[in-house]
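Numbering (the numbering used here), first residue to last: 20 to 113. Okay, so here's the structure we're looking at.
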């Protein structure tokens, strides 16, 4: 079965949290912002509650990341993990 747009985003976030992405963290943060905007309608059809949840705080969290700033990039990853865990719980249930 093909992954949903939400599951694809979850997969990308999981890779970032494991430091297995092929781009710098600040670029990944921009990628997440673009992904949320570009795929909002399809994600909303898949699961409105999770899509609204992701779009509520995730854009602010992605703004934390900054070029060549390890402290802020680590803070971004910490906040991203918290938000990701909550979103997974909403999506998959407890």
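Virtual Cβ for every residue (Gly too), placed ideally from N, Cα, C. Values in this document were obtained by computation on a predicted structure and should not be read as measured data.
Item	Value
Restricting to runs no shorter than 4 residues, where is the alpha helix (DSSP H) found entirely within the stretch 33 to 92?	44 to 57, 59 to 65 and 67 to 81
Write down the C-beta distance between residue 91 and residue 84 rounded to the nearest angstrom, noting that I regard them as a contact closer than 8 angstroms.	6 angstroms
Mind reading off the beta-carbon distance from residue 66 to residue 110? Whole number of angstroms is fine, and I expect it under 8 angstroms.	6 angstroms
Taking the alpha-carbon positions, what's the residue 33 to residue 64 distance?	23 angstroms
Run through DSSP, which three-state label would residue 97 get?	helix
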